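A quick write-up on the structure given underneath.
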Amino acid sequence: MNITLDLPYDAALEKVKETLLANHLGVVSDVDVQAIFKNKMGKDIPAYHIYGACNPKLADRVISTEPNAGTLLPCNFIMREEGDKTVVSFMDPVPVLGLSKAEEVNAVAAEAKGMIETVIEQLQA
Numbered sequence: 004m005n006i007t008l009d010l011p012y013d014a015a016l017e018k019v020k021e022t023l024l025a026n027h028l029g030v031v032s033d034v035d036v037q038a039i040f041k042n043k044m045g046k047d048i049p050a051y052h053i054y055g056a057c058n059p060k061l062a063d064r065v066i067s068t069e070p071n072a073g074t075l076l077p078c079n080f081i082m083r084e085e086g087d088k089t090v091v092s093f094m095d096p097v098p099v100l101g102l103s104k105a106e107e108v109n110a111v112a113a114e115a116k117g118m119i120e121t122v123i124e125q126l127q128a
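Start counting at 1 in the sequence shown, then tack on 3, and there's your number in the numbering used here.
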């Protein structure tokens, strides 16, 4: 579930965040891999972040059904700088949440995947 945006990183990030919000997903976590590599290893890499996207109502359905399935949340995606473009890769929630055998958790996975597919379609437009 990848897309390359013909935008520099900061502009792509704003577009992705706006599109996620328009589809009832918010960014709830941000791991700045670029900064970690620089601080811990002195290694310079292009912008690279791991983000967590979440819809609280979907998360509630998962956690209410199977509390330990919270380890499978949120829906992660990465954004990385590639020259003057930005690559965005979304984790497919179906195989991840498929680790649960609960029907409701799997239903949420399918719903979340649909939301992410819509985000990707809108980003491509």
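Built from N, CA and C at the ideal position, the CB exists for glycine as well. If you're wondering where the values come from, they're calculated on a predicted model, not measured in any experiment.
| Query | Result |
| --- | --- |
| DSSP beta-bridge partners of E84 | T89 |
| Buried versus exposed, by CB contacts within 10 Å (16 or more), T89 | buried |
| Own chain residues within Cβ distance below 7 angstroms of E107, not counting five before or after | R64, T68 |
| M82 beta carbon near the ligand SAM (any heavy atom closer than 7 angstroms) | Absent from the structure shown: the ligand SAM. Ligands present: none. |
| The stretch 7-17 touching the stretch 32-41, judged by at least three CB pairs closer than 8 angstroms | no |
| Extent of the continuous alpha helix (DSSP H) to which D63 belongs | 59-68 |
| Cutoff 7 angstroms; reference E114; Cβ partners in own chain excluding five residues on either side | L61 |
| Stretch-stretch touch, CB-based, cutoff 8 angstroms, three pairs: the stretch 76-92 with the stretch 44-57 | yes |
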